[in-house]
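Taking this note's numbering, the leading residue of the sequence shown gets 1, the next gets one more, and so forth. Just so you know, even glycine gets a beta-carbon here, dropped at the ideal spot from N, CA and C. None of the values given here were measured: they were computed from a predicted structure. What follows is one structure encoded as structure tokens, with my remarks underneath.
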Amino acid sequence: MFRLSKGKAKRNVRREISMLKEKFRAVELTPCYGDADLRKKENDLSQIWTEIYNLQKEIDDFASPFLQAAK
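This is the structure:
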């Protein structure tokens with residue numbers, strides 16, 4: 001994960017979202033041949049969702065001062 005900085009925030013967020021989309025597609029298209037494959041796929045998806053949550057939290061933390069200033 002990265003720390004957002006004012007000038008690079010939009011580009012970094014787009015890059016991170018693109019990376020997460022690619023990871024998701026790769027996991028989604030991986031065939032499952034048994035319980036072990038299914039557990040690995042579930043674990044990989046869980047990890048991706050955790051990364052999405054962390055990115056969302058980081059964006060919210062970054063945007064919070066701007067949203068408060070706009071009030």
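Item: Outcome for Leu-29 when other beta-carbon atoms lying within 10 angstroms are tallied against a minimum of 16; Value: exposed
Item: Contact set for Leu-20: own chain, Cβ-Cβ below 8 Å, skip 5 residues either direction; Value: Ile-48, Glu-51, Ile-52, Leu-55
Item: Endpoints, the alpha helix (DSSP H) within which Lys-21 is located; Value: 9-29
Item: Distance CB(Ala-9)-CB(Phe-62) smaller than 8 Å; Value: yes
Item: Cβ distance (whole Å) where Lys-23 is taken to contact Cys-32 below 8 Å; Value: No, Lys-23 and Cys-32 are not in contact; Cβ-Cβ is about 17 Å, not under 8 Å.
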